[in-house]
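A.B. asks: Have a look at the structure that comes next, please.
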Amino acid sequence: MQRRRAQWLALALLAFGALLLMLGAAVGSTGLDSLRALRHDPVALQIVWDIRVPRTLGAWLAGALLGLAGAVAQGLFRNPLADPYLLGSASGASMGVAVALLLFGASPASTQWLVRLGLTGAAFLGAVLAVLLTLTLARGVQQTLRLLLAGVIVGVVLGAVKDLISIASVDIMQALTGFMLGSTGLVGWSACAVMAGLGALCLLLAWALAPVLDALALGEATARSLGLPLGTMRAALVAVLALATGAAVAQTGLIAFVGLAAPHLVRSIVKTTHARLIVLSALMGGLLLMAADLGARWLIAPQELPVGVLTAVLGGSYLLWLMHRRGATGGAL
Amino acid sequence: MKRWLILGLALLGALAAQATEVVDDRGVSVSLAQPPQRIVSLLPSLTESVCALGACARLVGVDRYSNWPASVRALPQAGGGIDPNVEAIVALRPDVVLLAGSSRGIDRLTALGLKVVVLEPKNHADVRRVLDKLGTLLGVPDALQVWRAIDASVAAAAQSLPAGVRRTRVYYEVNNGPYAAGASSFMGETLTRLGARNIVPAALGPFPKLNPEFVVRANPDLIMVSERSAQGLEQRPGWAGIRAVREGRVCRFSAEQSDVLVRPGPRMGEAAQLMAQCLRDKAVP
Chain A
1 MQRRRAQWLA LALLAFGALL LMLGAAVGST GLDSLRALRH DPVALQIVWD
51 IRVPRTLGAW LAGALLGLAG AVAQGLFRNP LADPYLLGSA SGASMGVAVA
101 LLLFGASPAS TQWLVRLGLT GAAFLGAVLA VLLTLTLARG VQQTLRLLLA
151 GVIVGVVLGA VKDLISIASV DIMQALTGFM LGSTGLVGWS ACAVMAGLGA
201 LCLLLAWALA PVLDALALGE ATARSLGLPL GTMRAALVAV LALATGAAVA
251 QTGLIAFVGL AAPHLVRSIV KTTHARLIVL SALMGGLLLM AADLGARWLI
301 APQELPVGVL TAVLGGSYLL WLMHRRGATG GAL
Chain B
334 MKRWLILGLA LLGALAAQAT EVVDDRGVSV SLAQPPQRIV SLLPSLTESV
384 CALGACARLV GVDRYSNWPA SVRALPQAGG GIDPNVEAIV ALRPDVVLLA
434 GSSRGIDRLT ALGLKVVVLE PKNHADVRRV LDKLGTLLGV PDALQVWRAI
484 DASVAAAAQS LPAGVRRTRV YYEVNNGPYA AGASSFMGET LTRLGARNIV
534 PAALGPFPKL NPEFVVRANP DLIMVSERSA QGLEQRPGWA GIRAVREGRV
584 CRFSAEQSDV LVRPGPRMGE AAQLMAQCLR DKAVP
């Protein structure tokens with residue numbers, strides 16, 4: 001019964017996703033004109049094929065990565081408030097960007113190096129290094145609480161370092177704000193390829209490791225008694241979490257709420273195992289961010305809203321409504 | 334004689350129409366087959382520079398903060414420097430896109446096959462350099478004429494001031510962080526050329542975040558601040574005792590004047606006149 005329901009949900013999410021993807025090719029600052037002129041105008045073709053389609057697909061992929069990471073994080077920490085940024089990757093990524101902006105133009109050598117790495121590379125590097133730092137501080141993945149605390153500490157400290165850098169050189173503050181707001185407008189085909197590759201890898205790994213999350217849901221002692229190699233599997237799950245979050249954050253900046261909301265939305269529709277929850281959360285996250293990206297382009301066209309603002313407002317209000325409804329009927333979220 | 338002149342002019346025209354190549358602030362060499370006829374500028378100071386070089390008509394799009402000269406307000410807006418609207422920029426079919434080094438759009442726009450020139454003026458020498466490079470890029474002869482006009486305007490502003498100004502110690506607040514314009518910022522450089530003394534030494538960097546205590550201790554004779562961040566300046570703890578506040582020597586610049594003052598571009602001469610006006614009106618005689 002639940003299995004059938006999960007399958008239907010997956011189909012519905014995919015169908016909606018395909019619909020929005022098509023819609024995504026039609027919405028933008030130049031409106032439908034670009035679509036009409038597709039045949040005979042190379043610039044219109046470039047706008048639709050090289051800008052709209054990759055950014056729509058990129059929004060779906062980034063959202064899927066965040067949704068997947070959110071489901072993994074909530075399972076791993078057995079905490080419904082866990083989100084993909086929990087292990088410090090968000091602060092790490094913004095610090096990476098801050099350092100890159102600071103070094104940009106500081107000396108010809110560093111500028112050369114940075115032009116090659118790019119802000120995207122710096123953000124990814126920062127996110128991964130932050131998670132590694134968290135793991136070092138927590139001395140491995142054995143204790144969930146220690147890991148959680150170390151993640152919070154790393155997040156706060158790296159955030160403070162980022163603030164310190166932006167105070168030392170005030171002209172990078174605006175650029176940093178742009179990164180923190182998150183945007184899907186700069187995603188191209190190469191970014192899509194990177195996210196798709198990493199996304200497939202993460203999805204496979206998470207699918208394979210999902211049984212450990214089901215076991216963990218019954219409590220750490222029970223999970224251990226089942227004879228699973230808990231330490232290794234946990235470490236692999238943390239790697240999935242870091243990789244998925246790092247890939248999404250590097251390409252689109254800090255997008256709020258998708259990772260937290262997607263698993264909750266799925267759970268509100270269907271109760272299922274972690275393997276299915278992870279896949280469904282990825283599909284749901286992709287759909288959420290794609291819808292938000294469309295809204296960001298369409299609401300004040302020809303101008304654009306930062307998509308992170310929209311996800312926070314949309315995701316937040318829906319979750320609030322869900323909570324309110326559940327509260328009224330006496331259930332927990 | 335006349336024939337030679339015509340020949341010379343023709344030669345000059347041919348030169349102007351030739352391929353241009355500039356090395357931008359990233360160190361990347363950008364070459365164009367001919368001077369760009371369709372320009373998108375994503376930095377207000379670059380927009381102003383392009384217009385000052387007489388190429389305003391070649392602008393086809395600007396960022397949402399560019400608002401001078403008035404004609405650019407009618408142009409399509411393509412987002413801001415930090416969040417460029419890629420689709421809108423591509424739709425404008427620009428020959429070249431001008432933007433600052435901190436813009437996130439550089440890689441994406443380059444990947445889409447657009448010519449991107451990164452220029453970031455930060456001080457007087459930069460403004461001269463940027464004008465020179467833009468002149469080369471746009472095929473405008475004698476671009477440095479604009480710089481000489483700025484220079485002359487700053488010099489004239491300095492000369493219009495009485496000798497007493499040299500003793501005036503100025504605090505220029507950029508915003509209520511409080512961030513100050515230090516002696517090494519372009520505003521600080523203008524102040525120095527006007528003969529005023531900046532309470533923030535060059536060693537602190539161009540725009541340092543100050544401890545309010547530092548300002549109280551330095552006890553400036555005159556404060557320059559934008560109207561927007563001047564709210565409650567007198568009520569800050571201990572600030573009522575600062576000489577400038579006590580004697581009402583605070584210049585509040587309107588939003589429009591602030592635009593002139595905070596952009597390192599062709600209106601720096603005008604900015605110097607604004608500061609000189611303030612010094613004339615409010616400085617200790």
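Chains as they are written, first to last, in the working numbering: chain A, 1 to 333; chain B, 334 to 618. Even for Gly, the Cβ is constructed at its ideal location relative to N, Cα and C.
Rounded to the nearest angstrom, what separates A:Leu335 and B:Gly413 at their Cα positions?
C.D. replies: Residue 335 of chain A is absent from the structure shown; chain A starts at 1 and stops at 333.
A.B. asks: Please list, in chain order, all residues of the same chain as B:Ala366 whose beta carbon is under 6 Å from its beta carbon, the five residues on each side excluded.
C.D. replies: Result list for B:Ala366: Ala352, in chain order.
A.B. asks: Is there at least one Cβ from chain B nearer than 8 Å to A:Arg52's Cβ?
C.D. replies: It does; some Cβ of chain B falls within 8 Å.
A.B. asks: Helix, strand or coil: which one does DSSP assign to A:Leu23?
C.D. replies: Helix.
A.B. asks: Taking the C-alpha atoms as reference points, what is the distance between A:Leu204 and A:Pro211?
C.D. replies: Their Cα atoms are separated by approximately 13 Å.
A.B. asks: A:Ala242: buried (16+ other C-beta within 10 angstroms of its C-beta) or exposed?
C.D. replies: Buried is the call here.
A.B. asks: Near A:Leu314, what residues of its chain come up, given a Cβ to Cβ distance below 7 Å and the 5 sequence neighbours on each side ignored?
C.D. replies: Closer than 7 Å at the Cβ level, and outside the excluded window around A:Leu314, lie Ala292.
A.B. asks: What does B:Ser435 reach in chain A if we use C-beta pairs closer than 8 Å?
C.D. replies: The contacting residues are Leu101, Phe104, Asp171, Ile172, Gln174, Ala175.
A.B. asks: Report buried or exposed for A:Ala59, applying the criterion of at least 16 other Cβ atoms within 10 angstroms of its Cβ.
C.D. replies: By the 10 Å Cβ count, A:Ala59 comes out buried.
A.B. asks: List, in order along the chain, the chain B residues whose C-beta lies closer than 8 Å to that of A:Gly188?
C.D. replies: Going along chain B in sequence order, the residues near A:Gly188 (Cβ under 8 Å) are Arg441, Ala444, Leu445.
A.B. asks: Under a three-way DSSP split, which group does B:Ser399 fall into?
C.D. replies: Coil at B:Ser399, not helix or strand.
A.B. asks: Is B:Leu447 closer than 8 Å to B:Pro427 when the C-beta atoms are compared?
C.D. replies: Yes, the Cβ-Cβ distance between B:Pro427 and B:Leu447 is below 8 Å.
A.B. asks: Please list the partners that B:Ala421 has in chain A, where partner means a Cβ-to-Cβ separation under 9 Å.
C.D. replies: Residues of chain A passing the Cβ test: Gly28, Ser29, Thr30, Pro302, Gln303, Glu304.
A.B. asks: Please report the straight-line C-alpha distance between B:Gly438 and B:Tyr512, rounded to a whole angstrom.
C.D. replies: When rounded, the distance between both Cα atoms is 27 Å.
A.B. asks: What first and last residue would you give for the beta strand (DSSP E) that runs through A:Leu305?
C.D. replies: No beta strand (DSSP E) contains A:Leu305, which DSSP labels as neither H nor E.
A.B. asks: Let's see if you can read the secondary structure: which residues bound the alpha helix (DSSP H) around A:Ser225?
C.D. replies: Residues 220–225.
A.B. asks: Where B:Leu555 and B:Gly497 are concerned, what is the direct C-alpha to C-alpha distance, given to the nearest angstrom?
C.D. replies: C-alpha separation (whole angstroms): 13 Å.
A.B. asks: Compute the Euclidean distance between the alpha carbons of B:Val405 and B:Leu392, then round it to the nearest angstrom.
C.D. replies: Those two C-alpha atoms are separated by around 8 Å.
A.B. asks: Using 8 Å as the threshold, is the stretch 98–105 of chain A in touch with the stretch 171–179 of chain A, meaning 3 or more CB pairs across them?
C.D. replies: With a cut-off of 8 Å, the stretch 171–179 of chain A and the stretch 98–105 of chain A count as touching, because enough Cβ pairs lie within range.
A.B. asks: Taking C-beta pairs closer than 7 Å, name the residues in chain B that A:Ile167 reaches, listed in chain order.
C.D. replies: Those are Lys542, listed as they occur along chain B.
A.B. asks: Against chain B, with Cβ distances strictly below 8 Å, would A:Gly118 count as a contact?
C.D. replies: Yes, contact with chain B.
A.B. asks: Does the stretch 224–242 of chain A come close enough to the stretch 41–52 of chain A that 3 or more CB-CB pairs lie under 8 Å?
C.D. replies: Output reads no: the stretch 224–242 of chain A does not touch the stretch 41–52 of chain A.
A.B. asks: Below 8 Å, how does it come out for the stretch 184–200 of chain A and the stretch 250–259 of chain A: are there three or more Cβ pairs, yes or no?
C.D. replies: Contact holds: three or more Cβ-Cβ distances are below 8 Å.
A.B. asks: Please name the residue, chosen from B:Gly472, B:Pro402, B:Pro495, B:Val373, that lies closest to B:Leu442 on a Cα-to-Cα basis.
C.D. replies: When only C-alpha atoms are compared, the closest one is B:Val373.
A.B. asks: Please classify B:Pro534 as buried or exposed, where buried requires at least 16 other C-beta atoms within 10 Å of its C-beta.
C.D. replies: With fewer than 16 Cβ atoms within 10 Å of its Cβ, B:Pro534 is classed as exposed.
A.B. asks: Which term fits B:Lys455, buried or exposed, when burial requires 16 or more other beta carbons within 10 angstroms of its beta carbon?
C.D. replies: The residue in question, B:Lys455, is buried, as its Cβ has 16 or more Cβ neighbours within 10 Å.
A.B. asks: Is the CB of B:Asp357 under 8 Å away from at least one CB in chain A?
C.D. replies: No, B:Asp357 does not count as interfacial toward chain A.
A.B. asks: Just to confirm before moving on: does the CB-CB distance between A:Ala127 and A:Leu137 stay below 8 Å?
C.D. replies: No. Outside cutoff.
A.B. asks: Checking the sheet assignment: what are the DSSP bridge partners for B:Ile556?
C.D. replies: Answer is B:Tyr504, B:Val583, bridged to B:Ile556.
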